[in-house]
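The working numbering applies: residue 12 is where the sequence shown begins, and numbers increase by one.
Where is the CB? At the ideal position from N, CA and C, for every residue including glycine.
Below is one structure, written out as structure tokens, with a few remarks after it.
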Amino acid sequence: RYSLSFEAKNIKGKGNFQGTVNQNVLAKVEFLDEAGNEITTTEPGATPFPTQITNGGTPSTVTFPKVSKPGYTPCWKIDTSKADCIPESTVFDSMTQVHLGWVPNKYTVSYDTQLPGVTPPASSEIVHDGRVTQPTDPSAHGYKFLGWSTSQNAPGGPYYDFANTPVTGDVKLYAQWEKLPFPVKFVDAVDGTPAAQNQSVLFEDKANKPSDPTKNGYTFLGWTADQAGTIPFDFANTGIQDATTVYAQWKKNQYTVSFDTQDPQVANPASQTVEYQDKATKPTEVGNKPGYVFAGWTTDKEGKHPYTFDTPVTGNITVYGQWTKAKVHFDEQTEKPVVTTGINSTGLPDKPVDPKLEGSTFVGWSLTPDGSKPYDFSTPVPDGTTLYAVWKPIENTVTFDPQGGSAVNEQHVQYKKPANKPAGPTREGFKFLGWTLDPEGKNPFDFSTKIKANTKVYAQWQKIDVPASSSGSASHSDGAQGHSAKDPATNVDPDVAPRDTPKTVGSATESAPSQEDPGILARTGSDVLGVLGLGLTMLVAALAAMWISRKRSAK
Numbered sequence: 012r013y014s015l016s017f018e019a020k021n022i023k024g025k026g027n028f029q030g031t032v033n034q035n036v037l038a039k040v041e042f043l044d045e046a047g048n049e050i051t052t053t054e055p056g057a058t059p060f061p062t063q064i065t066n067g068g069t070p071s072t073v074t075f076p077k078v079s080k081p082g083y084t085p086c087w088k089i090d091t092s093k094a095d096c097i098p099e100s101t102v103f104d105s106m107t108q109v110h111l112g113w114v115p116n117k118y119t120v121s122y123d124t125q126l127p128g129v130t131p132p133a134s135s136e137i138v139h140d141g142r143v144t145q146p147t148d149p150s151a152h153g154y155k156f157l158g159w160s161t162s163q164n165a166p167g168g169p170y171y172d173f174a175n176t177p178v179t180g181d182v183k184l185y186a187q188w189e190k191l192p193f194p195v196k197f198v199d200a201v202d203g204t205p206a207a208q209n210q211s212v213l214f215e216d217k218a219n220k221p222s223d224p225t226k227n228g229y230t231f232l233g234w235t236a237d238q239a240g241t242i243p244f245d246f247a248n249t250g251i252q253d254a255t256t257v258y259a260q261w262k263k264n265q266y267t268v269s270f271d272t273q274d275p276q277v278a279n280p281a282s283q284t285v286e287y288q289d290k291a292t293k294p295t296e297v298g299n300k301p302g303y304v305f306a307g308w309t310t311d312k313e314g315k316h317p318y319t320f321d322t323p324v325t326g327n328i329t330v331y332g333q334w335t336k337a338k339v340h341f342d343e344q345t346e347k348p349v350v351t352t353g354i355n356s357t358g359l360p361d362k363p364v365d366p367k368l369e370g371s372t373f374v375g376w377s378l379t380p381d382g383s384k385p386y387d388f389s390t391p392v393p394d395g396t397t398l399y400a401v402w403k404p405i406e407n408t409v410t411f412d413p414q415g416g417s418a419v420n421e422q423h424v425q426y427k428k429p430a431n432k433p434a435g436p437t438r439e440g441f442k443f444l445g446w447t448l449d450p451e452g453k454n455p456f457d458f459s460t461k462i463k464a465n466t467k468v469y470a471q472w473q474k475i476d477v478p479a480s481s482s483g484s485a486s487h488s489d490g491a492q493g494h495s496a497k498d499p500a501t502n503v504d505p506d507v508a509p510r511d512t513p514k515t516v517g518s519a520t521e522s523a524p525s526q527e528d529p530g531i532l533a534r535t536g537s538d539v540l541g542v543l544g545l546g547l548t549m550l551v552a553a554l555a556a557m558w559i560s561r562k563r564s565a566k
């Protein structure tokens, strides 16, 4: 016989026992829904769910009913106060009630940026009917982000609505992008000016190769990615990834500058090869053309348009030599104007008629004003040479006639120069009064006079009178030589010549202006005070003689 004992903890709900006490005890496992009702049907098709029985005391598994709820997973619990669900492999050894609960499903939300090198947002786990938190928009150079889509290729939408879309399963979102356009400029590598129409090219697309540009004075070489022209630009294989500048490269054209002297006897200078807008070099030497001077280069044969070597060359050009007749200037070194003549084909100047100059003798022509380099007209001279007349002043003789006095040396005086005043001559018993242009002493000679011809001057004298003897006789007598103090013809003292004596017509002298004209004696150097003293003495003597004579008569 069996004895059974029961513990309250093992009994849940109402228990039923079947059979005799001496048989095995069966335990029922009861499955209850959320409302506590026994589950009697199972999925699929809601088929009847049989009562689950287990042998008492012998642990064993039972069949769980098949139930479902969209977005949820069944969670079976024996103790509803516990969070954990029991697995369907749970073994039972006694009567048990199993309660049905539901756990919402969890889904994975992942992202694909669809661009290499662009990191996607981290994946997230969202419960059934939950909402996905919108991640930070990704960014990529050359693209504009449009949004997320459940389709890989949906640049026009629709885009995933994070706020209003419930999650009901795993979700994969794809980034949608739009390529950005970038400007492509075509510029001149030399001056930076536009070389072709600019283009707007989408990221990583190819720019269209423009037509070859043209430029005056240059030949187009091609397009490059750098201004220096070292990296050719490959239009076929270069995707535009940013604002881009493409440079037109050029080569300067070369032009020929030719020289024509316009004279077969004068060799043409060598032609020059000059790059566009560079400058030709002025020839340093041009051949000699006798009787002519090279005047320069012109762009026309007639010489109307001078060519300057500062002019940039822009094409082939011929310049023409121009010539002018060579000239020589003759300067007589007088008040006459300078005379200009030409040079003949031998390179020699034509010799002019010898010039004349009053008071001078023409010696010849010189290359220098001082006459140190005489020129004889046998040597060619360059254009613009000035030849100077060389003169030798005429010398005149000034002769001194002492008229009984000591000799005085003659002087040789240049034309229109004054004679030098010599020391006065001496004569016993006479006083030297000065020099005159005539023997009689009528025309005093002024030593400031400019001599223009041979001149002779005469000494004038005054006899020194001795006072009368004690007999009381006294007189003035004219000696056989010299003249008395008074000129018998003019009754004028010769040593006191009148001021501003006029020049004798045809005289060989001319008076120079003077600020002082004290008379001939002053001009000849006589002592005026001495003469006055002598005259006073003579006057006193005469008065004394007259007084003695009258006294004798009174007796």
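Member of the options whose CA lies at the smallest distance from the CA of residue i
i, options, result
"residue 406", "173, 397, 428", "428"
"residue 39", "75, 225, 105", "105"
"residue 316", "331, 237, 182", "331"
"residue 152", "213, 98, 275", "213"
"residue 327", "283, 139, 84, 363", "283"
"residue 191", "216, 198, 172", "216"
"residue 437", "452, 127, 417, 424", "417"
"residue 269", "262, 263, 291, 431", "291"
"residue 422", "464, 227, 449", "464"
"residue 187", "150, 206, 275, 218", "150"
"residue 431", "388, 439, 457", "457"
"residue 107", "155, 116, 87, 117", "87"
"residue 167", "174, 177, 185", "185"
"residue 80", "70, 112, 97", "112"
"residue 206", "234, 228, 126", "234"
"residue 329", "358, 366, 355, 267", "267"
Endpoints, beta strand (DSSP E) assigned at residue i
i, result
"residue 192", "192 to 199"
"residue 126", "Unbroken run through residue 126: none, as it is neither H nor E."
"residue 287", "Run containing residue 287: none; DSSP gives neither H nor E here."
"residue 399", "396 to 404"
"residue 110", "107 to 115"
"residue 39", "37 to 43"
"residue 351", "350 to 353"
"residue 444", "441 to 447"
"residue 339", "338 to 342"
"residue 470", "466 to 474"
"residue 240", "No beta strand (DSSP E) contains residue 240, which DSSP labels as neither H nor E."
"residue 368", "First-last for residue 368: undefined, no H or E at that position."
"residue 152", "Taken as a continuous stretch (DSSP letters only), residue 152 belongs to no beta strand (DSSP E), as it is neither H nor E."
Exposure label - residue i; buried when at least 16 CB within 10 Å
i, result
"residue 208", "exposed"
"residue 163", "exposed"
"residue 473", "buried"
"residue 605", "Residue 605 lies beyond the stretch modelled for the chain, which goes from 12 to 566, so this question has no answer here."
"residue 189", "exposed"
"residue 587", "Within the shown structure, residues of the chain are numbered from 12 to 566, placing residue 587 beyond reach of any answer."
"residue 554", "exposed"
"residue 377", "buried"
"residue 507", "In this prediction, residue 507 has a pLDDT of 37, which is less than 50 and means its spatial position is unreliable; what the coordinates show is noted afterwards. So residue 507 counts as buried."
"residue 23", "With a pLDDT of 47 at residue 23, under the threshold of 50, the modelled position of this residue cannot be trusted; read the value that follows with caution. Residue 23 is exposed by the Cβ-count criterion."
"residue 364", "exposed"
"residue 475", "exposed"
"residue 278", "exposed"
"residue 439", "exposed"
"residue 76", "buried"
"residue 343", "buried"
"residue 299", "exposed"
"residue 48", "exposed"
"residue 139", "buried"
"residue 460", "buried"
Residue i: CB within 7 Å of a non-hydrogen atom of the ligand ATP
i, result
"residue 299", "With respect to small molecules bound, the structure shown includes none, and the ligand ATP cannot be examined in it."
Cβ distance (whole Å) where residue i is taken to contact residue j below 8 Å
i, j, result
"residue 334", "residue 368", "Residue 334 to residue 368, Cβ: 36 Å. No contact."
"residue 370", "residue 391", "At roughly 34 Å, the Cβ-Cβ gap does not stay under 8 Å, so residue 370 and residue 391 are not in contact."
"residue 409", "residue 468", "7 Å"
"residue 41", "residue 109", "7 Å"
"residue 84", "residue 114", "5 Å"
"residue 336", "residue 303", "6 Å"
"residue 143", "residue 135", "7 Å"
Validate contact between the stretch 176 to 189 and the stretch 239 to 246 using beta carbons, cut 8 Å, 3 pairs: With the cut-off at 8 Å, the stretch 176 to 189 and the stretch 239 to 246 do not touch.
contact_flag[the stretch 391 to 402, the stretch 307 to 325] where n(CB pairs < 8 Å) is 3 or more: Not touching, per the Cβ criterion.
Contact between the stretch 282 to 290 and the stretch 337 to 357 (3+ Cβ pairs under 8 Å): Result no; under three Cβ-Cβ pairs closer than 8 Å.
The stretch 251 to 268 / the stretch 295 to 302 touching (three or more Cβ pairs under 8 Å): No, the stretch 251 to 268 is not in contact with the stretch 295 to 302.
Touching by the beta-carbon criterion (3+ pairs, under 8 Å), the stretch 78 to 98 and the stretch 119 to 126: Judged by pairs of C-beta atoms under 8 Å, the stretch 78 to 98 does not touch the stretch 119 to 126, as fewer than three such pairs exist.
Three CB pairs or more closer than 8 Å across the stretch 196 to 208 and the stretch 156 to 171: No: fewer than three Cβ pairs fall under 8 Å.
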